[in-house]
Amino acid sequence: MLLFLIFFLLTSTEVDMRSALKDQKEEKVLGALYFFRLHPSKDAKEDILNLTKSENFKIKKNAIETLSYLQDKEILEKLKEFSKDPEPLVRASFIFSVMKLKAKEYFSEIKELIKDENSSVQIYAKGAYTLFGEGDFREEIKRYLSSRDFKEIFPAANVFSLLGDENSLEEVLNLIKHPVDDYRNIGAMAFLDAPYSRNLLKSIFDALEKETYNYVLNSFSDVAVYFGFNDIPYFTDLLISSKKKQILVKKILEYNDYFKILDEISKKLKPENAKEIINVLENFNDEKSLILLRKIAFDKKISGEKRYLAIKILGKRNDKESIQNLRELLKEKDEYLRASSCYALGLLKDLDSKDEVIKLLDDKSSRVRQSALSAVREMNLKEAIGKVEKLIQDEDKSVKNMARQVYNFLTKE
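Going by the working numbering, the first residue of the sequence shown is number 1, and it counts up by one from there.
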């Protein structure tokens, strides 16, 4: 699974992934199939269907399961032959698909698999019996969650997610709290097949906030964003308060309609939550997020310290449209605004504001003097050498140290 995720992060557009479905490398194909679980696409249906003919049973198994995410019951007619496949995990994947699509009309195709010699196949078959009201094997399946064999734990977790009732989901919730990281990862991945609820999304976020292992964190964030697009208002509330904004935004950007998240964030923007929203927006890199950052940066109702953060990001993002407003802020009484706008103009290399920047080297605020020094260096303003040299004797230690560095930079041959 780790290989899936690494590739998924490297090439995340649908065009890339459709191409990867035809790649010769197993890990690329598996990564692409995982992508299409999170982003079901009917355009990729035929390519995925072709992979069910693969001699590689891992690819075949994952292709069968991925097709079920298209929510097209008719596909089962083309897949039912796999209920008799010689490879156990392929047989198991067909049962998974029948359960995923809640296609009781295909129960007769899997009914006898409850006697299968393979435990994974048995677990899925018992899950199907339970889902379709032909028996109740919950207690028996629950025992597999304590197994040391991941080939038994994973199908058991999947079955409970597919059953989807409160008691069944509680078993998977227990798994994502397990002290062993591999168990938590299995629980996270199983939730892709659970019915959405706000309680479930909140539980995933709670687990996400505590997670320290990168590959498990990756799985939790995949599931959180996957569910998030089902309930964008609630998801954005959780996103704004999350400590794991960076990885969540990375996942959000893998969705073509990610702008819906930004639209919702825009609605939620208030002076009191501006800082948290800025921390979300800094991980985006598009025009819509720039518009929101400008809105924060130049809104007088928001405190100077919060605007300071947004202004710095505008500078780092080379937002030329902000230059005129930034020049105006150089005259503000608030030292945060003078400092941040000066810093941003330096990054933007706005030579038209060089006189104002040089003037700020004499500002009463040490914060502003430091920003002016930074801007002088970025613009390479050799006409400021005299003032920079004087600041080497500044009463503020940070200004003094920075002035020495900038002076050396400006005077080097």
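C-beta atoms are modelled at their ideal positions from N, C-alpha and C, and glycine is treated no differently.
So for residue i, helix, strand or coil by DSSP?
i: residue 180; result: coil
i: residue 194; result: coil
i: residue 317; result: coil
i: residue 288; result: helix
i: residue 1; result: Bear in mind that a pLDDT of 46 at residue 1, under 50, signals an unreliable position, so the number given afterwards is only what the model happens to contain. In the structure shown, residue 1 sits in coil (DSSP, three-state: anything other than H, G, I, E or B).
i: residue 164; result: coil
i: residue 252; result: helix
i: residue 148; result: coil
i: residue 229; result: coil
i: residue 394; result: coil
i: residue 302; result: coil
i: residue 336; result: helix
i: residue 273; result: helix
i: residue 349; result: coil
i: residue 214; result: helix
i: residue 173; result: helix
i: residue 279; result: helix
i: residue 73; result: coil
i: residue 53; result: coil
i: residue 20; result: helix
i: residue 224; result: helix
i: residue 80; result: helix
i: residue 206; result: helix
i: residue 362; result: helix
i: residue 237; result: helix
i: residue 13; result: coil
i: residue 118; result: coil
i: residue 128; result: helix
i: residue 244; result: coil
Can you tell me where the alpha helix (DSSP H) with residue i in it begins and where it stops?
i: residue 36; result: 26-38
i: residue 97; result: 88-100
i: residue 400; result: 397-411
i: residue 326; result: 323-329
i: residue 384; result: It is not in any alpha helix (DSSP H) - residue 384 carries neither H nor E in the DSSP assignment.
i: residue 135; result: Unbroken run through residue 135: none, as it is neither H nor E.
i: residue 263; result: 259-268
i: residue 356; result: 354-359
i: residue 373; result: 366-379
i: residue 110; result: 107-110
i: residue 42; result: Here residue 42 belongs to no alpha helix (DSSP H), and DSSP marks it neither H nor E.
Between residue i and the ligand NAD, is there a pair consisting of the residue's CB and a ligand heavy atom that are separated by less than 8 Å?
i: residue 337; result: As presented, the structure is devoid of all ligands, the ligand NAD included, so that no description of it is given.
Comparing C-alpha positions only, which one of the options sits nearest to residue i?
i: residue 62; options: 15, 42, 85 and 37; result: 37
i: residue 142; options: 17, 157 and 117; result: 157
i: residue 383; options: 401, 357 and 399; result: 357
i: residue 360; options: 348, 349 and 388; result: 388
i: residue 14; options: 255, 153 and 138; result: 255
i: residue 84; options: 346, 113 and 59; result: 113
i: residue 269; options: 258, 246 and 239; result: 239
i: residue 191; options: 179, 181 and 171; result: 171
i: residue 314; options: 336, 334, 166 and 341; result: 341
i: residue 351; options: 370, 378, 335 and 339; result: 378
i: residue 236; options: 220, 243, 223 and 262; result: 262
i: residue 125; options: 232, 283, 162 and 302; result: 162
i: residue 257; options: 271, 228, 115 and 150; result: 228
i: residue 90; options: 109, 283, 18 and 57; result: 57
i: residue 53; options: 82, 327 and 173; result: 82
i: residue 409; options: 93, 375, 231 and 333; result: 375
i: residue 155; options: 164, 202, 220 and 127; result: 127
i: residue 131; options: 398, 225, 111 and 202; result: 111
i: residue 276; options: 168, 165 and 306; result: 306
i: residue 87; options: 117, 98, 294 and 344; result: 117
i: residue 394; options: 64, 150, 412 and 363; result: 363
i: residue 226; options: 40, 26 and 133; result: 40
Say whether the region 250-267 touches the region 208-217, bearing in mind that this needs 3 or more beta-carbon pairs closer than 8 Å, one atom from each stretch. Contact between the region 250-267 and the region 208-217 is absent, because fewer than three Cβ pairs lie under 8 Å.
Is there contact between the region 72-83 and the region 102-118, where contact requires at least three CB pairs shorter than 8 Å? The region 72-83 is in contact with the region 102-118.
Quick check: the region 76-87 against the region 37-48, are there 3 or more CB pairs under 8 Å? Counting Cβ pairs under 8 Å, fewer than three are found: no touch.
Check whether the region 15-34 touches the region 178-185, taking contact to mean three or more Cβ pairs, one atom from each stretch, closer than 8 Å. Judged by pairs of C-beta atoms under 8 Å, the region 15-34 does not touch the region 178-185, as fewer than three such pairs exist.
Are the region 192-209 and the region 128-141 touching, with three or more C-beta to C-beta distances below 8 Å? With contact defined as three or more Cβ pairs closer than 8 Å, the region 192-209 and the region 128-141 are not in contact.
Would the region 323-332 and the region 274-292 be scored as touching if the rule is three or more Cβ pairs under 8 Å? Not touching, per the Cβ criterion.
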